[in-house]
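The sequence shown begins at 29 in our numbering and counts up one residue at a time.
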Amino acid sequence: MSNDWLRMIGNRFIYLSNIYTLLEKYNPKEIREMNRTKTFKLTDFRQLLYESEKGTAYQKGIIWEEVAAYMLERIVGLKVNGRRLRVARQEIDLCCINISVEEELWNFGALILVECKNWNRKADVRVIRSIGQIMYIKGTTTTFLFSKRGVTSEAEAEIIQLALRGVHVLCITKNDLLSISKKEEFKELLSRKWYELEQSIENDLGLLG
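In structure tokens, the structure reads:
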């Protein structure tokens, strides 16, 4: 029995499509509702991005969280189900559950943490280490980091170190969000960030010989 086969049967994804088909047969309304996403309007999304530059630091932070929630709530299978959650002595901005039947999205795991930094500077390595600690406590494998200016080179190195241990921090910048013009591109953005990080891991391992 190969390791690949064992990993396959241990992956919940291979069962979900069959389970959904069965549930849809007996509960079509509930399944349709579960997979429904909110309407996307580019003008509304751009307005949120514009508003995230106005007001006090606190107000900017709140609007930036709304930007993140707006994006995630328009991806089929992702549901924001918590805000401002306390984890030990730290706080996580948003929590997202993943009920997708798409293998591409299932890479993120069942529970996704979301951290938002609407700063005029790049998020540093301390932010990444804090996220890593929270993920360890919660037992999650993916965090979406919405950082307006991105992350420092030292933080990027820390992200790769976490990824080598199976913990993924995907950084979404304001420029990334400004490139969005339709709803489908939200999912494409997350998938691209995932595979870019996976490629960085392969390159890092390649340097080790």
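Ideal Cβ placement from N, Cα and C applies to all residues, glycine included.
Check your understanding: Going by other Cβ atoms of all chains shown within 10 Å of its Cβ, with 16 needed for buried, is SER80 buried or exposed?
Key -> buried
Review point. Can you tell me where the beta strand (DSSP E) with ASP121 in it begins and where it stops?
Key: 118-126
**Study point:** Rounded C-alpha distance that separates ALA91 from VAL197
**Key:** Before going on, a small fix: residue 91 reads as Ile here, not Ala. When rounded, the distance between both Cα atoms is 21 Å.
Check your understanding: Would you call THR170 buried or exposed, if buried means 16 or more other Cβ atoms sit within 10 Å of its Cβ?
Key -> buried
Review point. Taking the continuous beta strand (DSSP E) assigned at THR170, which residues delimit it?
Key: 170-175
Check your understanding: Is the beta carbon of LEU141 sitting closer than 8 Å to the one on ILE127?
Key -> no
Check your understanding: With DSSP run on the structure shown, which of helix, strand or coil describes VAL129?
Key -> coil
Review point. How should ASN148 be labelled, buried or exposed, when 16 other C-beta atoms within 10 angstroms of its C-beta is the threshold for buried?
Key: exposed
Point to revise | Unbroken alpha helix (DSSP H) run spanning GLU25, endpoints | key: Nothing can be reported for residue 25, as the shown portion of the chain is limited to 29 through 237.
Check your understanding: If you drop the 5 nearest sequence neighbours on each side, which residues of the same chain put their C-beta closer than 8 Å to that of GLY194?
Key -> THR169
Check your understanding: Near ILE229, which residues of its chain fall below 8 Å by C-beta distance, leaving aside the five closest residues on each side in sequence?
Key -> ILE188, ALA191, LEU192
Point to revise | Euclidean distance between Cα positions of LEU173 and LYS82 | key: 21 Å
Exercise for review: Assign ILE59 to one of three DSSP states: helix, strand, or coil.
Suggested key: With a pLDDT of 49 at ILE59, under the threshold of 50, the modelled position of that residue is not reliable, and no figure is offered here.
Check your understanding: Is GLU224 buried or exposed, if buried means 16 or more other CB atoms sit within 10 Å of its CB?
Key -> exposed
Practice item. Count the other C-beta atoms from every protein chain shown that fall within 10 angstroms of the C-beta of ASN146, then say buried if there are 16 or more, exposed otherwise. Key: buried
**Study point:** For LEU139: DSSP bridge partner residues
**Key:** ILE125
Check your understanding: ASP121: buried (16+ other C-beta within 10 angstroms of its C-beta) or exposed?
Key -> buried
Review point. In whole angstroms, what is the alpha-carbon distance linking ASP152 and LYS69?
Key: 33 Å
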